[in-house]
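Oh and the sequence shown: position 314 is 338 in our numbering, straight run, nothing missing.
Glycine is no exception: its CB is placed at the ideal position from the N, C-alpha and C atoms.
From a predicted model like this one, the values you see are computed outputs, not experimental measurements.
To start, the structure itself, in structure tokens.
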Amino acid sequence: MANAYASARQRFADWGVDTEAALTALAAIPISMHCWQGDDVKGFERKSGTAGGGIQATGNHPGRARNVAELRVDLEFAYAQIPGKHRLNLHAFYMDTDESPDRDAIEYRHFAPWVDWAKSQGLGLDFNPTFFAHPKADDNLTLSHPDAGIRDFWIEHGRRSRDIAAQMGAALGRPVINNIWVPDGSKDTPVDRMAARRRLNASLDAMMANPLPKSQMRDAVESKLFGIGVESCTVGSHEFYLGYAIRKGTLLCLDMGHFHPTENVADKLSAVALSVDELLLHVSRPVRWDSDHVILLNDDILAMAQELVFADLLGRTHIGLDFFDATISRTAAWVIGTRNMQKALLRALLLPQTRLKAAEAALDYTTRLILTEEAKDLPFAAVWEEFCARAGVVSGAALLAELSGYQSRVAARG
């Protein structure tokens, strides 16, 4: 392996690329891994509610985490297979408590054990209010609901989520990203979109009226194209939240599954970055719709990573994952998806960026094309294996053995 990396390092140097600088840069990029892949987006509340908002995990692979303890064991195994130190993205209905508070009554103490666990693992945390899987979301309307009482319930949930996120950030000594997504929309064509959007706008304003220290918590708003039951109109569209983020100074969340299938989400980064200070990504793989498949090392992910690197947006972008597949090992999905995001970033960091940009600036598109295509043959895999080795993480056949062995052990859960 050492010989393979030495050879690869020289080949990249011939292209003007410093592999050591790339490895250092990659090691400093945390990925926020989503807790909801581990239990099929069920959460740990002691109540029932429909999923709502088009959220549905399909499959019944054995070994789903059924409680907080099992979820943490699975998370610890997954993080052990991923080089670097990362974050956990936690939804509000994953509280760790023997109490049964409703969403408008949650408090920091219901999540304090997660903070203690994160500290013990050297992880950061991110947070999300949960505006679905609740009887008051069964209309697929929450913050934009015509019923003021229902709106007030969800506004209070959002307020409390922000406070919890801020207290988490204070306890961890680093800011928590509090991402706001609501499933609000209409199955059939509405006649008064403006009324719904005015209600959503006012609810968001009320929810975020109390400014909290950015050193502890930062708000993000997330759009969506459509979902099951909201096929004809999503109140919180991309245009709605882009305008809101610009006006209110929040982060803008771009979810790769929340746009038309032919849209290039990577292309949006440099466009919106001129108007908002920070971005949040939910990296996913839509298959014809927002189906949240485990991300592959495909063209979409490579393009997203290259845009982050070439547009110098890594310092302004928080990278999170959002997929849930219950047809395969849930822990393997975490590991494969997170590592693929890292691989894509590494490939972008190992491209001859200076030469490519110089050719483009000189309108020398022939050279740009030659460089782009020839670079595809560079030995990226050897650099990735070196990255894993330095972190004490296995790769290749050894990773397959680790993932398969763990799945065999958890399958007995049922």
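Under the assumption that residue i contacts residue j (Cβ atoms under 8 Å), give the Cβ distance between them as a whole number of angstroms.
i, j, result
"A350", "H115", "16 Å between Cβ atoms; not a contact."
"I53", "L338", "6 Å"
"I204", "F151", "I204 to F151, Cβ: 10 Å. No contact."
"H181", "P153", "6 Å"
"M57", "L380", "That pair is no contact at about 31 Å."
"G62", "D98", "5 Å"
"G40", "T378", "6 Å"
Give the straight-line distance between the Cα atoms of residue i and residue j, rounded to the nearest whole angstrom.
i, j, result
"A51", "A104", "15 Å"
"D126", "A28", "56 Å"
"A413", "L370", "15 Å"
"E69", "M119", "7 Å"
"A295", "D42", "29 Å"
"F411", "A172", "53 Å"
"E44", "W408", "11 Å"
"D291", "D122", "46 Å"
"A15", "F177", "With the chain covering 25 to 438 only, the question about residue 15 has no answer from this structure."
"L95", "C59", "8 Å"
"A399", "R354", "34 Å"
"V318", "I360", "8 Å"
"K211", "C257", "7 Å"
"G148", "I55", "10 Å"
"R271", "R186", "19 Å"
"E263", "R184", "27 Å"
"M231", "G281", "26 Å"
"I79", "A382", "45 Å"
"L228", "I179", "7 Å"
"E384", "L402", "21 Å"
"R88", "F156", "20 Å"
"R111", "G197", "13 Å"
"V254", "R437", "35 Å"
"Q431", "I325", "27 Å"
"Y268", "M365", "28 Å"
"R363", "A372", "14 Å"
"N164", "V418", "44 Å"
"S315", "S31", "41 Å"
"S428", "D64", "20 Å"
"R242", "T390", "44 Å"
"E331", "L424", "30 Å"
"R133", "F348", "27 Å"
"R392", "A226", "48 Å"
"P199", "T341", "13 Å"
Can you tell me which of the three DSSP states residue i falls into?
i, result
"M57", "strand"
"R111", "strand"
"G148", "strand"
"A30", "helix"
"R90", "coil"
"N202", "strand"
"A157", "coil"
"E384", "helix"
"M280", "coil"
"D192", "A small fix is needed here, since residue 192 is Met in this sequence, not Asp. Residue state, collapsed to three classes: helix."
"R309", "strand"
"E397", "helix"
"V418", "coil"
"R186", "helix"
"M119", "coil"
"E246", "strand"
"H262", "helix"
"L321", "coil"
"D126", "coil"
"E100", "helix"
"N364", "helix"
According to DSSP, which residues form a beta bridge with residue i?
i, result
"C257", "S210"
"T341", "L303"
"L95", "In the DSSP output, where bridge partners are listed per residue, L95 has none listed."
"M471", "As shown, the chain starts at 25 and ends at 438. That puts residue 471 outside it, with no answer to give."
"L275", "A244"
Looking only at C-alpha atoms, which of the options sits nearest to residue i?
i, options, result
"T274", "A297, F348, P285 and R309", "A297"
"K248", "H306, A233, S31 and A421", "H306"
"W138", "R183, Q191, I270 and L165", "Q191"
"A329", "H262, R309, K367 and R340", "K367"
"T48", "A425, Q80 and A415", "A415"
"A219", "R242, L167 and E287", "L167"
"F117", "I130, L304, N288 and T390", "I130"
"G26", "A422, A405, A421 and L424", "First, the residue type needs correcting, since residue 26 is Ala and not Gly in the sequence shown. Checking every option, the nearest Cα to that of A26 belongs to A405."
"V311", "F283, L303, D301 and L293", "F283"
"I252", "A244, V434 and A81", "A81"
"P170", "R222, E331, P376 and I343", "R222"
"A102", "A356, K238, Q34 and N225", "A356"
"N322", "F334, T286 and R309", "R309"
"W313", "E397, P285 and L304", "P285"
"A3", "D162, R175, E100 and G193", "Here the chain has residues from 25 to 438 only, and residue 3 is not among them."
Measure from the C-beta of residue i to each C-beta in chain D and report whether the shortest distance is under 8 Å.
i, result
"A399", "Reference to chain D is not applicable here, since this structure consists of a single protein chain."
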